[in-house]
Each structure stands twice: as C-alpha cells, then as structure tokens.
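Note that my numbering has the sequence shown beginning at 1, numbered continuously upward. First up is the structure itself, then whatever we jot down about it.
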Amino acid sequence: MSRFVLAGVRAVALCAFAMLPLSALALPGESIPPSPPGLHKVGCSNIAQDFTRVPPGKSAQDWWEGYPDDDTPRYLTDLLAESANSLVLNLALPRDFTLYGFFSGRTFAHVVLVCYPTTQANGRADYVLPGGQSVPRMQRGNEVPIFTDNALRYPVLLFSHGFGGSPISDDYIEALKLFASHGYVVVAPFHGDSRFTTVNVESFRDALYALLYYKNYVAMQAVRPRALSAALDLVLAHPQFRDHVDPARVGGFGASQGGESLLLMAGAALTTSLPSETSKVTFDPRLKAAVGYIPYFGVQGYPAFGTDQKGLSGVTLPYLALSGTADTTAPISVTEQGVARLTGTRQLVALNGVLHGFDRGFSDDIFSWSLAFLAGQLSGDPVARATSARMTSVAGGGDDVLRIDYLAPTPAGADERIAVEYYHRVLDHFFVTAESAEAGMLDAGVIVPGWQRTGFAFKVRPAGDARGAPACRFFGTPGVGPNSHFFTLDAAECAKVKANPNWMYEGLAFSTEVPATDDCAADRVPVTRLYNNGKGGQANHRYTTSHSEMREMLADGWILEGTVFCAIP
C-alpha cells in the first residue's frame with residue numbers, strides 16, 4: 001500500500017525533475033476525413049400500403065405518425081396492403097399508472113421497418129412513397145431478404161425517429177439507407193407517438209398546458225423504449241433475420257426524442273411529474289452503444305431525467321450526443337448537463353449554428369461521428385476504438401467541436417489492469433492507481449479519507465509484463481517533496497527522480513507501451529500528462545485520455561507535458 005500525506009501536512013512546492021520541451025507540444029487529437037459512401041446496396045422489409053384508403057385531402061403521413069382524426073385513431077396498420085408479410089408486433093404495456101397513465105395495461109400495434117445490406121445484383125424495385133421518398137429494393141409478398149453475404153452476422157442498429165415522425169418521413173429514410181449501406185441491419189419501429197399525445201415540447205413553455213397534458217406526454221415517452229426492445233425481440237427471433245444478425249452487437253441511433261428513448265432503454269429514469277419525480281422505464285442490456293442527434297434531454301425547467309438530470313446517474317451505456325448550439329427545442333446546455341451524468345463512454349459534440357432539425361451542411365459531420373463511434377463500440381476492433389477516442393473533429397463540413405469526451409476501457413482481462421483516477425478536493429490533487437486493493441482502500445475512505453473517483457480510467461498491464469515498459473511510481477518525500485505521486489516510463493527520468501531526495505521511489509506501478517514521438521500505435525489510446533505548475537503550493541500531475549478534460553486543465557493554468565503512456569482501448 002502506498003504512502004499518502006494527508007491534507008495539512010507541509011510540503012515543498014517543487015517539481016523536482018526536468019519538464020519536457022513545451023514549445024513542441026500540442027493538444028492531442030485527430031481530425032478525420034468524412035466517412036466514404038457505404039459499400040453495400042440496401043434492401044428493406046415489406047411496408048406496402050394501399051394509398052386509396054387515404055381520403056382526398058388527407059396525408060398518409062398522418063397514419064405513419066399515428067395522428068388521430070379528431071377522436072378516430074389512425075395508424076400505419078390501417079394502410080398496410082400486405083399485412084401478413086409486414087413486420088408488426090403487439091406491445092402490451094405494464095399496469096403502471098405512473099408511467100403509462102390511462103394507457104396502462106393496453107396493447108398497441110407497432111409496425112417495424114428493417115433495412116439491410118444487400119447484393120449488387122438485387123433487382124427488386126424501390127417502393128415509391130407519396131412525397132417522393134422511396135424504400136429501396138423492398139420485399140413484396142412473401143419474398144425473403146437478400147443479404148450481401150448469407151454467412152455473415154451483421155450488427156443491429158435500432159433506429160428511433162423524433163417525436164411525431166416516422167422511419168419513412170422527412171430525412172429519416174435517407175439515414176436508414178446510409179447506415180444499412182455501411183453494413184448495419186437497421187430496425188426502425190413506427191412509434192406512432194400521436195396515438196398517445198399530440199402535445200409537443202414547445203407546448204410545455206405554457207405551465208398550465210404542461211400540468212393538463214403532461215401525463216400523456218410521459219406515457220408516450222415511456223412506450224418508446226419498450227417498443228424498441230420489442231422490435232429487437234422480433235428481429236432476433238424472426239426466421240428471415242435471426243440467422244443474419246449478431247445479438248451481441250446492438251447499437252442505436254435516435255433523433256431528438258429518439259435520443260432520449262435509447263437512454264430510457266438503457267435504464268435512465270424518466271421525469272414522471274414536474275418538477276422532480278422520476279421512474280425507471282426499463283433496462284435492456286442488449287443495447288451496447290447509442291448515438292443521439294439533436295437528442296432531447298428536456299428544456300430549462302422541464303428536464304427529461306429529473307432534477308439536474310439525476311435520472312442518468314449510473315447509466316453506463318456508451319453514448320454520443322450531437323447537439324446544435326442554436327437548438328432551442330433541445331438546448332445544448334441541458335444536454336451537456338445530462339451527458340456529464342453518464343458514467344461510461346460519453347461524448348458531446350457541438351454543431352455550431354445547428355437548429356432542431358437535420359442540417360444538410362453538417363451531414364458529413366453527423367454521420368462520420370456516428371459511424372466512427374458505433375464502430376468503436378460494436379466492432380471489437382481496437383483500431384476502431386482507438387480511432388474514436390482520438391477523434392476531435394471531422395475535416396470539412398460544418399463547425400463541430402468536441403465538448404465532452406471519455407472512452408471507458410473495456411473490462412480488464414486476466415493480463416490487464418484498470419488504472420482508476422481519483423481526486424482530493426481539499427488538496428486539489430489527482431491520483432491514479434492500478435492496484436485493486438489500493439482502490440478499495442481509497443473507496444472506503446477510512447485510512448486515507450477524502451479521495452473520490454473522478455469517473456475516468458485507462459487500461460494497462462501488470463508491472464513486469466514484457467509487452468510494455470514499467471512505470472516507475474514516486475511519492476514526494478514527506479516534509480520535503482510535493483504531497484503528490486508521479487509516474488514515468490522513461491528510464492532516464494526514472495533514474496533522475498530516484499536520485500532526487502525530494503522523491504521516494506515506491507516501485508513499479510504497472511506496464512504500458514511507450515509512445516514514439518509523442519504518439520501511439522493506431523490500436524492504442526494516448527494518455528497525456530499535465531502538470532499543475534505548483535498551483536496552490538503543491539505540485540501535482542494528472543494523467544488523462546480525455547481531450548475535453550485537457551482543455552479544462554489548460555484553461556485552469558496546468559501545463560501540457562505530452563503523451564506519456566499508450567493505453568489499451
């Protein structure tokens with residue numbers, strides 16, 4: 001067990017070793033080129049409709065979205081021309097009045113559209129919709145899907161459209177096609193939100209309106225994640241798809257309300273009464289990662305996940321939020337508060353000037369960020385994970401800025417360790433340990449009180465592992481040196497600090513790969529060291545993989561010392 005000096009013990013404010021040359025250092029990060037077009041043609045399941053059932057002057061879109069005609073319910077099932085060959089599920093809602101109100105215990109049909117990678121030779125006709133959109137190479141009658149490779153199992157992408165939309169409304173169908181062209185089996189339920197409420201978020205600016213209709217709005221929100229899970233159940237069990245999808249690789253993409261729905265599916269607690277009562281809707285561990293485009297986290301005064309977004313605390317789903325800085329329906333300030341609550345991999349990208357809608361000028365940014373994030377979380381490829389962790393922008397296109405980022409390491413194998421970061425508020429110091437016993441002691445807060453986990457960590461190997469270099473660990477000599485720890489892989493630096501009486505050598509902490517010219521191999525995540533420049537009279541170093549944390553530290557007067565470790569992603 002290491003020696004800690006408690007707050008109040010006098011120490012010399014001295015960084016007793018040579019600093020790296022600062023003029024050559026810059027914040028790490030990579031601007032990646034836009035994602036190329038997908039390699040696959042796209043086919044889709046059967047949603048053939050009889051548009052003669054739509055009265056003159058009416059729009060089929062009202063049925064797609066479940067919008068009632070006065071008191072007469074309408075939904076896509078009313079228009080299906082080949083319903084026996086379409087994907088339809090019946091969702092029975094739990095008897096839970098808090099979440100589902102007057103819809104509690106009732107059953108609602110949900111139509112599901114599935115789009116998938118298909119062969120170049122697939123000659124099926126596109127199905128043209130009113131308004132000009134088309135469903136590519138749509139199955140008709142009892143036709144079965146034609147996959148690019150029948151021997152492969154493809155990753156699944158649950159697609160959740162925004163409030164009042166549908167998978168074939170507006171720009172959503174184009175997004176479905178894009179993801180399927182990149183090798184995803186895209187599963188998109190028609191939520192039919194307007195069957196539950198026609199109240200939108202703008203109405204909640206009127207407090208009286210909110211009080212009168214909020215219960216139905218809660219029910220609509222609570223139904224959505226259950227429909228997503230049921231759609232996944234349907235596809236994983238369906239004879240046309242079950243042998244072609246990988247149940248271990250399930251991601252999600254949600255727009256606006258859909259971004260909220262995926263978090264609710266991952267166990268977030270939903271605001272059920274204003275201002276602060278919350279209730280967990282469901283938890284589906286099959287969902288491994290999700291992207292929210294202009295995701296709805298609520299508005300000022302009406303948070304989606306309880307007061308201060310506390311309903312997101314403990315949610316570990318890897319999540320990327322792409323938010324517009326000019327969005328007043330889903331304000332980025334509210335989203336930022338929510339993303340900061342997440343405890344797993346998390347990213348928030350600000351799209352400068354984007355309103356609440358699809359901005360074609362940011363198309364490359366939206367889909368390049370999304371594809372890189374999903375590949376990093378679902379593919380199992382360490383290069384893809386490391387690429388996602390290094391990424392700070394997309395070249396060209398709109399102005400995208402990474403505001404929050406953290407890549408949580410995958411669970412440690414038998415020959416791996418997790419280096420966990422702690423922070424002491426009184427000392428204003430950071431510390432990292434890869435020793436589980438030491439972490440347990442700090443968590444207990446008895447022997448050495450005051451240390452709290454920051455929620456950041458990176459993966460290393462045990463000390464002495466031949467696949468990396470050993471990290472020397474030092475602690476400031478009590479009463480003489482800094483009240484802080486210091487780590488280095490550099491043998492010369494290690495020897496120099498050992499010879500300095502201000503530091504005590506505590507042994508080898510862990511092993512990790514050495515960066516070459518301030519960078520790491522493509523399958524590794526750079527760990528950057530920062531120095532507090534003696535801020536507060538005590539020297540301290542921080543070791544982090546997060547670009548946003550680095551920016552905050554530099555703004556607070558810390559000094560960048562460069563990439564010092566290469567972590568396993």
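Every residue, glycine too, gets a C-beta built ideally from N, C-alpha and C. Model, not experiment: these values are computed from the prediction.
How big is the Cα-Cα spacing for L322 and D405?
As a position in the sequence shown, residue 322 is number 322, starting the count at 1. As a position in the sequence shown, residue 405 is number 405, starting the count at 1. About 12 Å.
Residue range of the beta strand (DSSP E) that T107 falls in?
Translated into positions along the sequence shown, residue 107 becomes position 107. Element bounds for T107: T107 to T118.
Cβ of A222 within 9 Å of Cβ of L270?
The residue labelled residue 222 in the question sits at position 222 within the sequence shown. The residue labelled residue 270 in the question sits at position 270 within the sequence shown. Contact flag set, yes.
Coarse secondary structure for E493, derived from DSSP in three states
Sequence index remark: in the sequence shown, residue 493 carries index 493 (1-based). Reduced to three states, the DSSP call for E493 is helix.
If you measure between the beta carbons of A255 and S160, is that distance less than 9 Å?
Counting from 1 along the sequence shown, the entry for residue 255 is found at position 255. Counting from 1 along the sequence shown, the entry for residue 160 is found at position 160. In contact: A255 and S160 (Cβ atoms closer than 9 Å).
Ranges of the beta strand (DSSP E) found wholly within the segment 413-488, counting only runs of at least 3:
417-424, 429-433, 451-460, 469-476 and 485-488
Report the start-end ranges of each beta strand (DSSP E) in the segment 54-135 that is 3 residues or longer and not cut off at the edges.
87-92 and 107-118
Alpha-carbon spacing of A48 relative to L87, whole angstroms:
For this step, residue 48 is matched to residue 48 along the sequence shown. For this step, residue 87 is matched to residue 87 along the sequence shown. Those two C-alpha atoms are separated by around 11 Å.
With A219 and Y100 assumed to form a contact (beta carbons below 8 Å), what rounded beta-carbon distance in angstroms separates them?
To locate residue 219, count along the sequence shown from 1; it is residue 219. To locate residue 100, count along the sequence shown from 1; it is residue 100. Rounded to whole angstroms, the Cβ separation of A219 and Y100 is 5 Å, and the two are in contact under 8 Å.
F367 (DSSP reduced to helix, strand or coil)
If you number the sequence shown from 1, residue 367 lands on position 367. Here F367 sits in helix by DSSP.
Count the other CB atoms, across all protein chains shown, that sit within 10 Å of the CB of T107; report buried if there are 16 or more and exposed otherwise.
Against the sequence shown, residue 107 aligns to sequence position 107. Exposed.
What three-state label does DSSP hand F163 in the structure shown?
For this step, residue 163 is matched to residue 163 along the sequence shown. Correct three-state label for F163: coil.
Counting along the chain, where does the beta strand (DSSP E) carrying E277 start and finish?
Reading the sequence shown from its first residue, position 277 is the one you call residue 277. Unbroken beta strand (DSSP E) run through E277: E277 to K280.
Please report how far the alpha carbon of F565 lies from the alpha carbon of D96, in whole angstroms.
The count along the sequence shown starts at 1 and reaches residue 565 at position 565. The count along the sequence shown starts at 1 and reaches residue 96 at position 96. Answer to the nearest angstrom: the Cα atoms are 51 Å apart.
H547 - DSSP class collapsed to helix/strand/coil
As a position in the sequence shown, residue 547 is number 547, starting the count at 1. Secondary structure of H547 (DSSP, three-state): helix.
Using the C-alpha atoms, what's the distance from S45 back to L22?
Against the sequence shown, residue 22 aligns to sequence position 22. Against the sequence shown, residue 45 aligns to sequence position 45. In this predicted model, L22 has a pLDDT of only 42, less than 50, meaning its place in the structure is not dependable enough to derive any value.
What does a CB cutoff of less than 6 Å around G376 pick up in its chain, not counting 5 residues either side in sequence?
Taking the sequence shown and counting its residues from 1, one reaches residue 376 at position 376. If you ignore the 5 residues before and after G376, its C-beta comes within less than 6 Å of the C-beta of A384, R385 and S388, all in its own chain and listed in chain order.
Using the Cα positions of G162 and G258, report the straight-line distance between them to the nearest angstrom.
Taking the sequence shown and counting its residues from 1, one reaches residue 162 at position 162. Taking the sequence shown and counting its residues from 1, one reaches residue 258 at position 258. Cα to Cα, G162 sits roughly 5 Å from G258.
Mind checking V144: buried by the 16 CB within 10 Å criterion, or exposed?
Taking the sequence shown and counting its residues from 1, the one referred to as residue 144 is at position 144. Answer is exposed; the Cβ neighbour count stays below 16.
Cutoff 8 Å; reference A522; Cβ partners in own chain excluding five residues on either side
Position 522 of the sequence shown, counted from the start, is the residue given in the question as residue 522. Closer than 8 Å at Cβ, skipping near neighbours: V383, A386 and T387.
Name the one or two DSSP bridge partners that M504 has.
As a first step, residue 504 is located in the sequence shown; it is residue number 504 there, counting from the start. As DSSP reads the structure, M504 sits in a beta bridge with F475.
Would you call E435 buried or exposed, if buried means 16 or more other Cβ atoms sit within 10 Å of its Cβ?
As a first step, residue 435 is located in the sequence shown; it is residue number 435 there, counting from the start. Here E435 is buried: its Cβ has 16 or more other Cβ atoms, across all protein chains shown, within 10 Å.
Do you know whose CA, among F297, P36, A237 and S363, lies nearest I332's CA?
If you number the sequence shown from 1, residue 332 lands on position 332. It is F297.
Using the C-alpha atoms, what's the distance from D381 back to Q347?
As a first step, residue 347 must be located in the sequence shown, where it is residue number 347. As a first step, residue 381 must be located in the sequence shown, where it is residue number 381. The alpha-carbon atoms of Q347 and D381 are separated by roughly 19 Å.
Taking the alpha carbon of N216 as the point to measure from, which residue in T545, F367 and F102 has its own alpha carbon closest?
As a first step, residue 216 must be located in the sequence shown, where it is residue number 216. Put simply, of T545, F367 and F102 the residue whose alpha carbon is nearest the alpha carbon of N216 is F102.
Would you call the segment 480-494 and the segment 535-550 in contact, with 3 or more CB pairs under 8 Å?
Touching, yes, given that three or more Cβ pairs across the two stretches are closer than 8 Å.
Alpha carbon to alpha carbon, what distance is there between D171 and E421?
Mapped onto the sequence shown, residue 421 falls at position 421. Mapped onto the sequence shown, residue 171 falls at position 171. Roughly 42 Å separates the two Cα atoms.
What number of angstroms, rounded off, separates the C-alpha of A231 from the C-alpha of T335?
Within the sequence shown, residue 231 is the residue found at index 231, counting from 1. Within the sequence shown, residue 335 is the residue found at index 335, counting from 1. In a straight line, the C-alpha of A231 is about 27 Å away from that of T335.
CB of P569 within 9 Å of CB of P409, strictly
Here residue 569 refers to the residue found at position 569 when the sequence shown is read from its first residue. Here residue 409 refers to the residue found at position 409 when the sequence shown is read from its first residue. In this structure, P409 lies closer than 9 Å to P569 by Cβ.
Taking the C-alpha atoms as reference points, what is the distance between W369 and H182?
Residue mapping note: residue 369 aligns to position 369 of the sequence shown, counting from 1. Residue mapping note: residue 182 aligns to position 182 of the sequence shown, counting from 1. The straight-line gap from Cα to Cα measures roughly 14 Å.
Could you check if L232 belongs to the surroundings of the ligand SAH, using beta carbon to heavy atom distance under 8 Å?
Looking at this structure, you won't find the ligand SAH or any other ligand, since it has none at all.
Closest Cα partner of G357 within the set R551, G164 and P94
On the sequence shown, position 357 is the one that residue 357 refers to. Measuring from the Cα of G357, the nearest candidate turns out to be G164.
So T282 and S229 are in contact, right, with Cβ under 8 Å, and what is the actual spacing, rounded?
Walking along the sequence shown from the start, residue 282 turns up at place 282. Walking along the sequence shown from the start, residue 229 turns up at place 229. Indeed they touch by this definition, with Cβ atoms about 6 Å apart.
Between the beta-carbon of R529 and the beta-carbon of A567, is there less than 9 Å?
Within the sequence shown, the letter at position 529 stands for residue 529. Within the sequence shown, the letter at position 567 stands for residue 567. A distance of 9 Å or more separates the beta carbons of R529 and A567.
Is it buried or exposed for S276, if we count other Cβ within 10 angstroms and need 16 for buried?
Taking the first residue of the sequence shown as 1, we reach residue 276 at position 276. S276 is exposed by the Cβ-count criterion.
Using C-beta distances below 8 Å, list every residue in its chain close to G314, excluding the 5 sequence neighbours before and after it, in chain order.
The residue you call residue 314 lines up with position 314 of the sequence shown. The beta carbon of G314 sits closer than 8 Å to the beta carbons of G267 and T343 from its chain, once the five residues preceding and following it are set aside; these are given in chain order.
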